[in-house]
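Enquirer:
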Amino acid sequence: MGNFQLEDFVAGWIGGAASVIVGHPLDTVKARLQAGTGYGSTLSCIRTVYRRESVFGFFKGMAFPLASIAVYNSVVFGVFSNTQRFLSHHRCQEPKAGSPRVLSDLLLASMVAGVVSVGLGAPVDLIKIRLQMQTQPFREANLGLKPRVAALGEQPAYQGPVHCIITIVRTEGLAGLYRGASAMLLRDVPGYCLYFIPYVFLSDWITPEAHTGPSPCAVWLAGGMAGAISWGTATPMDVVKSRLQADGVYVNKYKGVLDCISQSYQKEGLKFY
1 MGNFQLEDFV AGWIGGAASV IVGHPLDTVK ARLQAGTGYG STLSCIRTVY
51 RRESVFGFFK GMAFPLASIA VYNSVVFGVF SNTQRFLSHH RCQEPKAGSP
101 RVLSDLLLAS MVAGVVSVGL GAPVDLIKIR LQMQTQPFRE ANLGLKPRVA
151 ALGEQPAYQG PVHCIITIVR TEGLAGLYRG ASAMLLRDVP GYCLYFIPYV
201 FLSDWITPEA HTGPSPCAVW LAGGMAGAIS WGTATPMDVV KSRLQADGVY
251 VNKYKGVLDC ISQSYQKEGL KFY
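To convert, note that position 236 of the sequence shown is 236 in full-length UniProt numbering; the numbers rise steadily by one, no gaps.
#1: Have a look at Gly15 and Gly23 and give me their C-alpha separation to the nearest angstrom.
#2: What do you reckon, are the CB atoms on Lys128 and Gly61 nearer than 9 Å?
#3: How would you label Pro198, buried or exposed, when you count the other beta carbons within 10 angstroms and need 16 or more for buried?
#4: Consult DSSP for Glu172 and reduce its assignment to one of helix, strand or coil.
#5: In angstroms, rounded to a whole number, what distance separates the CA positions of Leu6 and Gly269?
#6: What is the DSSP secondary structure of Met184, reduced to helix, strand or coil?
#7: Is Val116 near Val76, with beta carbons less than 9 Å apart?
#8: Taking the alpha carbon of Leu66 as the point to measure from, which residue in Ser262, Met111, Ser182, Val20 has its own alpha carbon closest?
#9: From Trp205 to Cys217, what does the alpha carbon distance come to, in whole angstroms?
#10: Could you compute how far the alpha carbon of Ile165 sits from the alpha carbon of Gly12?
#11: Would you mind stating whether Leu87 and Ala113 have Cβ atoms separated by less than 9 Å?
#12: Assuming the contact rule is C-beta atoms closer than 8 Å, Ala246 and Ala35 should be a hit. Round their C-beta distance to whole Å, please.
#13: Is Gly78 buried or exposed, if buried means 16 or more other CB atoms sit within 10 Å of its CB?
#14: Would Asn73 and Ala17 be called neighbours here (beta carbons separated by less than 9 Å)?
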């Protein structure tokens, strides 16, 4: 426990809150493009959301992730940093400051962080996506109905995060809060490996040898590049996760990960990824 550092959790909390505030509008667009119907492109989706729901439509479901993703991010980043530090200390009893990180330590720490992220993040993601998706067009394919969207003034499926949680637990049980967790596991374990590992090596590579730690510029650059690498590989499974989690707002279409992939591929081909 001597290597345990609380500041890793604090930094993750601040980063998580900032990411929600800055990224939630585009996250709403992402979720609707992945799980909705009738959107031709990103710009088309933005125009449609703005026309139907005004600016506030981009911030649907933001209160819950703002309160929870900060905690989620705090735990994920804290678990990664402290696990990596513990493994390094276990392998080398007295690691020197600034000593290079070992790939196996980073890999195992990233995998642990990915597993923890699913345990904490699956319910958070589910509530966020359900709230984001309840006013957009959906297709009740199994019932043979035409796509529709909640009419103006019509009561939405969920009145807020708490009502959404209560409704899911009442209709689907506690297991319903982890709908899409298997797809999230397939996304986050490799996704965090492809985030943390490139970030550590890129920040070390960018930082001059004379410096004891990376500069703010190196952190931003390494974080941006690592994020692009991670999401570039994680997006296909993120689409599946979003569709599984959005499924159930009005009707259940998918029986699981493989069924979701099969149905999506049959209708849209490889581009659905």
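Beta carbons: idealized from backbone N, C-alpha and C, even for Gly.
Expert: Judging by the given coordinates:
#1: Your numbering for residue 15 matches position 15 in the sequence shown. Your numbering for residue 23 matches position 23 in the sequence shown. Answer to the nearest angstrom: the Cα atoms are 12 Å apart.
#2: Within the sequence shown, numbered from 1, the residue matching residue 128 stands at position 128. Within the sequence shown, numbered from 1, the residue matching residue 61 stands at position 61. Yes, the pair counts as a contact, with Cβ atoms nearer than the cut-off.
#3: By 1-based counting over the sequence shown, the position of residue 198 is 198. That one is buried.
#4: The residue you call residue 172 lines up with position 172 of the sequence shown. Correct three-state label for Glu172: helix.
#5: On the sequence shown, residue 6 is found 6 positions in, with the first residue counted as 1. On the sequence shown, residue 269 is found 269 positions in, with the first residue counted as 1. Cα to Cα, the separation comes out at about 46 Å.
#6: Counting from one through the sequence shown, the residue named residue 184 turns up at place 184. Met184: helix per DSSP, three-state reduction.
#7: To locate residue 116, count along the sequence shown from 1; it is residue 116. To locate residue 76, count along the sequence shown from 1; it is residue 76. Yes, Cβ-Cβ distance for Val116 and Val76 is below 9 Å.
#8: Counting from 1 along the sequence shown, the entry for residue 66 is found at position 66. Of Ser262, Met111, Ser182, Val20, the residue nearest in Cα terms is Val20.
#9: On the sequence shown, position 205 is the one that residue 205 refers to. On the sequence shown, position 217 is the one that residue 217 refers to. If I take the Cα positions, the gap works out to 13 Å.
#10: Along the sequence shown, one-based indexing puts residue 165 at 165. Along the sequence shown, one-based indexing puts residue 12 at 12. Taking the straight line from one Cα to the other gives about 25 Å.
#11: For the purposes of this step, residue 87 is identified with residue 87 of the sequence shown, where counting begins at 1. For the purposes of this step, residue 113 is identified with residue 113 of the sequence shown, where counting begins at 1. Going by C-beta atoms, Leu87 is not nearer than 9 Å to Ala113.
#12: Along the sequence shown, read from residue 1 onward, the residue named residue 246 stands at position 246. Along the sequence shown, read from residue 1 onward, the residue named residue 35 stands at position 35. Right, their Cβ atoms sit about 4 Å apart.
#13: Residue numbering aside, residue 78 sits at position 78 when the sequence shown is read from its first letter. Counting Cβ neighbours within 10 Å, Gly78 comes out buried, since at least 16 surround it.
#14: Locating residue 73 in the sequence shown gives position 73, counting from the first residue. Locating residue 17 in the sequence shown gives position 17, counting from the first residue. Result yes, Cβ atoms of Asn73 and Ala17 sit closer than 9 Å.
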